[in-house]
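> With positions in the sequence shown counted from 1, the corresponding number in the numbering used here is that position plus 6.
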Amino acid sequence: VRSCIVGPDLAAMALVIVKKGAEEIPGLTDDAKPRRLGPKRASNIRKLFALEKKDDVRNFVVRREAGKKKKAPRIQRLVTPSLLQRKRYFKSQTRNKMEVAKKLKQEYQKRLSEYRQEQKELRAAE
């Protein structure tokens, strides 16, 4: 154990095996335990199975036995048609709001110039 204080007063220590020794440690290095759960995020599933962007991630999700049926995680960051539609809708809403604001600004500028012209004429008439 390097770079830490170890003494008889410590009840438990968290250690990591860096290099495997000559013999097996029973219950630790003698049996391989696979990961219980697979990845949940779409990009990590793609990375695990070396998939391309066009491949459907839902077919490759890691399922596990849970009684009579299989359980699979709900995939996060999955690009679906409804998500793309929502994105398009929000962009169009933003675009429409910008156009309306631009039109209102033009009307305001027009009205302001008319008002200033009227004021100038009133001052000239005095």
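For every residue, glycine included, the Cβ atom is placed at its ideal position computed from N, Cα and C.
Provide the residue span of the beta strand (DSSP E) that contains glutamate 71, from first to last.
Residue mapping note: residue 71 aligns to position 65 of the sequence shown, counting from 1. Note, glutamate 71: beta strand (DSSP E), 70–72.
> Specify, as a first and last residue, the run of the beta strand (DSSP E) that lysine 77 falls within.
As a working mapping, residue 77 is identified with position 71 in the sequence shown. Element bounds for lysine 77: 75–77.
> Less than 8 Å between the CB atoms is what I'm expecting for valine 63 and leucine 54, so what's the real figure, rounded?
One-based indexing of the sequence shown puts residue 63 at position 57. One-based indexing of the sequence shown puts residue 54 at position 48. In this structure, valine 63 and leucine 54 do not form a Cβ contact; the two beta carbons are roughly 10 Å apart against a cut-off of 8 Å.
> Check for me: the alpha helix (DSSP H) holding lysine 108 runs from which residue to which?
As a working mapping, residue 108 is identified with position 102 in the sequence shown. From DSSP, the alpha helix (DSSP H) with lysine 108 extends over 87–131.
> Can the beta-carbon of alanine 78 be found closer than 8 Å to that of arginine 69?
Here residue 78 is taken as the residue at index 72 of the sequence shown, counted from 1. Here residue 69 is taken as the residue at index 63 of the sequence shown, counted from 1. Cβ atoms of alanine 78 and arginine 69: closer than 8 Å.
> Between serine 49 and arginine 80, is the Cβ-Cβ spacing less than 8 Å?
What you label residue 49 is simply residue 43 of the sequence shown in a count that begins at 1. What you label residue 80 is simply residue 74 of the sequence shown in a count that begins at 1. Cβ distance not < 8 Å, so serine 49 and arginine 80 don't count as in contact.
> Run through the DSSP bridge pairs and tell me what arginine 47 is partnered with.
For the purposes of this step, residue 47 is taken as residue 41 along the sequence shown, with counting starting at 1. Looking at the DSSP assignment, arginine 47 forms a beta bridge with Gln82.
> Between Lys59, Gln125, Lys75, which lies nearest to threonine 86 when the distance is taken from Cα to Cα?
Here residue 86 corresponds to residue number 80 of the sequence shown, with the count starting at 1. Of Lys59, Gln125, Lys75, the residue nearest in Cα terms is Lys59.
> Express the C-alpha separation of serine 88 and leucine 110 in angstroms, rounding to a whole number.
What you label residue 110 is simply residue 104 of the sequence shown in a count that begins at 1. What you label residue 88 is simply residue 82 of the sequence shown in a count that begins at 1. Approximately 33 Å, taken between the alpha carbons.
> How should proline 40 be labelled, buried or exposed, when 16 other C-beta atoms within 10 angstroms of its C-beta is the threshold for buried?
Translated into positions along the sequence shown, residue 40 becomes position 34. Proline 40 comes out exposed.
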